[in-house]
Amino acid sequence: MKSYLQLMRPANLLTAAADVLAGAALAFGATETAPPSALPVNLWLLVLSTVGLYGGGVVLNDVFDAKLDAVERPERPIPSGRVSVGQASVLGIGLLLIGIGAAYLYSPMSAWLALIIAGLAVFYDRFGKHHALFGPLNMGLCRGVNLLLGISAAGTLPIKVLWPAALIPVIYIAAVTMISRGEVHGGSRTTLWGAAALFTLVSGLQIGTAVELGTLWLAIGFVALHLLLVLRPLWTAIQQPIGPNIGQAVKAGVLSLIVMDAAWAALSGHWLLALCLLVLLPLSLPVARYFAVT
214 MKSYLQLMRP ANLLTAAADV LAGAALAFGA TETAPPSALP VNLWLLVLST
264 VGLYGGGVVL NDVFDAKLDA VERPERPIPS GRVSVGQASV LGIGLLLIGI
314 GAAYLYSPMS AWLALIIAGL AVFYDRFGKH HALFGPLNMG LCRGVNLLLG
364 ISAAGTLPIK VLWPAALIPV IYIAAVTMIS RGEVHGGSRT TLWGAAALFT
414 LVSGLQIGTA VELGTLWLAI GFVALHLLLV LRPLWTAIQQ PIGPNIGQAV
464 KAGVLSLIVM DAAWAALSGH WLLALCLLVL LPLSLPVARY FAVT
């Protein structure tokens, strides 16, 4: 069981769930279709959906990387022989189907978004990650549409209004993916500085959104905390761009998505949900120590 969980990267699944909850908060809060205390009871279906989609995507990533991991990361479940390629393939496809099915039970719109996420994830696993420019964009789109999956909790109208918000996680995850290129053999300071600029841009866009919604006082603390958490390890990596330092910067970038999602919830007026999402961060840290994030 541990080997299968290693393939699914449990700490990352918490960040995917946070995306959906943040998207739902943004949809209901920004469009004022429900008070901050009210979110749909069946929202758990979209949380299950994103867990299945993300889990399936990362499992299939290991399937496609089996030969490369045999050289670079032989301790991973597939190259070590603890899980076969066939078993991992069944797990990955099964998780994707669970993700699509759960979204369909919520709404047809959610199902279409889940299909798009699944397609983007598989395309990234097989082709996208091998391209220096399109790879980060591809991974970013997975997260952007995942935020839209949460926004779809309130129906189609919020998606038409709030779709530009999905560009922010696209930018953010593109930056994290840029950093991750140097995780094994070391990276480029130029790339790392570029990622720092993108992280700062993301925080600026969230602050701008909060100002527009009149909720800056609720969101500013979350945005500042998020920026601090991602820039500190990134600065260490810039000073010494070796694999372990870059790995820490990537880990911080992935796990700090939870704080970025908490900022979304806060600027939407859902301050209680924002605090609940923030609690996921300390919960994810011990999980990340036990199960690899990347």
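The opening residue of the sequence shown carries number 214 in the numbering used here; numbering runs sequentially from there. Don't be surprised by glycine CBs; every beta carbon is placed ideally from N, CA and C. Everything numeric in this text was worked out from a predicted model, so none of it was measured.
Would L266 and I364 qualify as a contact pair, given that the criterion is a beta-carbon distance under 7 Å? no
Does the separation of the CB atoms of P290 and D282 fall below 7 Å? no
Measuring only the C-alpha atoms, how far is G399 from Q452? 12 Å
Exposed unless 16 or more other CB atoms sit within 10 angstroms - verdict on R222: buried
Check the C-beta distance from A235 over to A478 and give it rounded, since I have them as a contact under 8 Å. 5 Å
Chain C beta carbons: is any one of them nearer than 7 Å to that of G456? Of the protein chains in the structure, only one exists, and it is not chain C.
What number of angstroms, rounded off, separates the C-alpha of G294 from the C-alpha of A409? 38 Å
Which word fits S393, buried or exposed, when buried means at least 16 other C-beta atoms lie within 10 angstroms of its C-beta? buried
Among T390, G332, E396, the one whose alpha carbon lies nearest that of F412: T390
What do you get for K373, buried or exposed, if any count of 16 or more other CB atoms within 10 angstroms of its CB means buried? exposed
Reference G417, options G395, I384, A315, P446, closest by Cα: I384
Under 7 Å between the Cβ atoms of L258 and A237? no
Given 8 Å, three or more beta-carbon pairs between the segment 269-288 and the segment 302-312: yes
Would you say A224 and A501 are within 7 Å of each other, going by their C-beta atoms? yes
For G332 and D278, I'd like the C-alpha separation in whole angstroms. 18 Å
When you compare the CB positions of A524 and P446, do they come within less than 7 Å of one another, or not? In the structure as shown, the chain starts at 214 and stops at 507, and residue 524 therefore has no counterpart that could be examined.
Given a threshold of 16 other Cβ atoms within 10 Å of its Cβ, counted over all protein chains shown, does N359 qualify as buried or as exposed? buried
Look at the alpha carbon of D338 and the alpha carbon of N458, and state the distance between them as a whole number of angstroms. 24 Å
Secondary structure of M473, DSSP reduced to three states: helix
Just mark Y503 as buried or exposed, buried being the case when its beta carbon has 16 or more other beta carbons within 10 Å. exposed
Whose C-beta lies closer than 7 Å to the C-beta of F347 among residues of the same chain, with five residues either side of it excluded? G341
Nearest-angstrom Cα separation, counted from F241 out to L370: 11 Å
Using a Cβ-Cβ cutoff of less than 6 Å, which residues in the same chain neighbour P248 once the five nearest sequence positions on both sides are dropped? Summary for P248: the model assigns pLDDT 48, below 50, so the residue's position carries little reliability; its value from the coordinates is reported in the next sentence. Counting only Cβ-Cβ distances below 6 Å, and skipping sequence neighbours, we find nothing.
For I306, which residues in the same chain have their Cβ closer than 8 Å to its Cβ, ignoring the five residues on either side in sequence? G269, L273
By Cβ distance, which residues of its chain are closer than 6 Å to G395, with the 5 residues on each side in sequence left out? I459
Less than 7 Å separating the beta-carbons of L261 and A315? yes
Which residue comes first and which comes last in the alpha helix (DSSP H) that contains K464? 456-468
Excluding sequence positions up to five away, which residues of its chain have a Cβ less than 8 Å from the Cβ of D232? T263, R356, N359, L360, L362, G363, P382, L470, D474
DSSP state of A316 mapped onto helix, strand, coil: helix
Using only the alpha-carbon positions, how far apart do A334 and S497 sit? 22 Å
Leaving out the 5 sequence neighbours to the left and right, which residues in its chain are closer than 6 Å to L491 when beta-carbon positions are compared? A475
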